[in-house]
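Chains as they are written, first to last, in my numbering: chain A, 366 to 475; chain B, 0 to 113. Even glycine gets a Cβ: it sits at the ideal position worked out from N, Cα and C. For reference, the structure discussed in these notes is given below.
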Amino acid sequence: SQQGEEDPQALSIQEGENATMNCSYKTSINNLQWYRQNSGRGLVHLILIRSNEREKHSGRLRVTLDTSKKSSSLLITASRAADTASYFCALNSGNTPLVFGKGTRLSVIA
Amino acid sequence: DAGVIQSPRHEVTEMGQEVTLRCKPISGHDYLFWYRQTMMRGLELLIYFNNNVPIDDSGMPEDRFSAKMPNASFSTLKIQPSEPRDSAVYFCASSLSGSNEKLFFGSGTQLSVL
């Protein structure tokens, strides 16, 4: 089963700026999910986007999916210090369980 | 619902000892997953269950690892004997219908094997 690859590995921005993280993959997917993990905690689901969808929004989060380029992006607008966390993309292909990437570590500086 | 509950939160043990990690999934969820997270390897799937039946245990590192799900509300992951390289954070997650829907994660068990 394939693993998504997040880019960048680490990102540091000022509070109020937008943060963009990308996830690339190699083969077809059923859906792609984004999760957040605060230090020392479990992962929390953010957004699920299916292969026939191109964009989804949830509050300050915007996820896009380009199946022709096999890539997805997570945009966090007007970032806050509380957004500091690691962000993971996870791929669902066929009947296989979710496979997680290595994540992007986001630091939002107040 | 209280979410996925894992215990213990932290476990420190000596090499060679048996370790048992516990998980209570969200009521009504048919799927349960055990993941292991390390800095080097990221988040790895160890095993998952559907309706209490193990479906895929190909991620279990070796015979020292075993997992059971005796009923819909309880699962264990056992390591016997434990080794220092087993040190990691172990997560349990559950979902309604597998990977087609979102996973709910527990807070994890931080395992340190000395």
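field: Residue burial classification, A/K434 (beta-carbon count within 10 angstroms, cutoff 16)
entry: Within the first sequence, the letter at position 69 stands for residue 434 of chain A. Its Cβ having fewer than 16 others within 10 Å, A/K434 is exposed.
- prompt: Can you name the residues that DSSP bridges to A/Q379?
  reply: Working through the first sequence from its first residue, we reach residue 379 of chain A at position 14. Answer is A/I474.
query: Cα-Cα, which of A/T432, A/N417 and A/L413 is closest to A/S423?
result: For the purposes of this step, residue 423 of chain A is taken as the residue at position 58 of the first sequence. Per the Cα distances, A/L413.
task: With DSSP collapsed to three states, give me the class of B/P24.
output: The sequence position of residue 24 of chain B within the second sequence is 25, counting from 1. In this structure, B/P24 counts as coil in the three-state DSSP scheme.
query: Expressed to the nearest angstrom, what Euclidean distance is found between the alpha-carbon atoms of A/L408 and A/T461?
result: For the purposes of this step, residue 408 of chain A is taken as residue 43 along the first sequence, with counting starting at 1. For the purposes of this step, residue 461 of chain A is taken as residue 96 along the first sequence, with counting starting at 1. Per the coordinates, the alpha-carbon of A/L408 lies some 19 Å from the alpha-carbon of A/T461.
field: chain A contact residues for B/F104, given Cβ-Cβ distances below 9 Å
entry: As a position in the second sequence, residue 104 of chain B is number 105, starting the count at 1. Those within 9 Å of B/F104 in chain A are Y400, Q402, R406, G407, L408, V409 and H410.
task: Please check if any C-beta of chain A sits within less than 9 Å of the C-beta of B/K23.
output: Your numbering for residue 23 of chain B matches position 24 in the second sequence. Judged by the 9 Å Cβ criterion, B/K23 is not in contact with chain A.
task: Mind listing the chain B neighbours of A/G468? Cutoff is C-beta to C-beta under 9 Å, in chain order.
output: Your numbering for residue 468 of chain A matches position 103 in the first sequence. By Cβ distance, chain B contributes G41 and L42.
task: Can you give me the Cβ contacts of B/N51 inside the same chain, cut-off strictly under 7 Å, excluding the 5 residues immediately before and after it?
output: Mapped onto the second sequence, residue 51 of chain B falls at position 52. Only M68, N70 and A71 meet the Cβ criterion.
Any 3 or more C-beta pairs closer than 8 Å across the region 8-20 of chain B and the region 427-446 of chain A: no
field: CB contact check: B/F32 to chain A, cutoff 9 Å
entry: As a position in the second sequence, residue 32 of chain B is number 33, starting the count at 1. Yes, its Cβ sits closer than 9 Å to a Cβ of chain A.
query: Looking at C-alpha atoms only, which residue of A/R427, A/N395 and A/N387 is the closest neighbour of A/E371?
result: Locating residue 371 of chain A in the first sequence gives position 6, counting from the first residue. Comparing Cα-Cα distances from A/E371 to each of A/R427, A/N395 and A/N387, the minimum goes to A/N387.
Helix, strand or coil at B/N99 [DSSP, three-state]: As a position in the second sequence, residue 99 of chain B is number 100, starting the count at 1. Assignment of B/N99 by DSSP, reduced to helix, strand and coil, places it in the helix class.
query: For A/S437, which residues does DSSP report across the bridge?
result: On the first sequence, position 72 is the one that residue 437 of chain A refers to. Its beta-bridge partners are A/C388 and A/L430.
query: Quick one: what does DSSP say A/R415 is sitting in, helix, strand or coil?
result: Taking the first residue of the first sequence as 1, we reach residue 415 of chain A at position 50. Reduced to three states, the DSSP call for A/R415 is strand.
message: Going by DSSP, what residue range makes up the beta strand (DSSP E) through A/N457?
response: In the first sequence, residue 457 of chain A corresponds to position 92, counting from 1. Where A/N457 is concerned, the enclosing beta strand (DSSP E) stretches over A450 to N457.
- prompt: What do you reckon, are the CB atoms on A/L420 and A/T432 nearer than 9 Å?
  reply: In the first sequence, the residue the question calls residue 420 of chain A occupies position 55. In the first sequence, the residue the question calls residue 432 of chain A occupies position 67. The sequence as given places Glu at residue 420 of chain A; Leu does not occur at that position. No. Outside cutoff.
Cβ of A/T429 within 9 Å of any chain B Cβ: Walking along the first sequence from the start, residue 429 of chain A turns up at place 64. No, because no Cβ of chain B sits closer than 9 Å to the Cβ of A/T429.
query: Which residue comes first and which comes last in the beta strand (DSSP E) that contains B/L42?
result: Along the second sequence, read from residue 1 onward, the residue named residue 42 of chain B stands at position 43. The continuous beta strand (DSSP E) containing B/L42 extends over residues G41 to N49.
task: Examine chain B for any beta-carbon lying closer than 9 Å to the beta-carbon of A/P462, and answer yes or no.
output: As a first step, residue 462 of chain A must be located in the first sequence, where it is residue number 97. Yes - at least one Cβ of chain B is within 9 Å of the one on A/P462.
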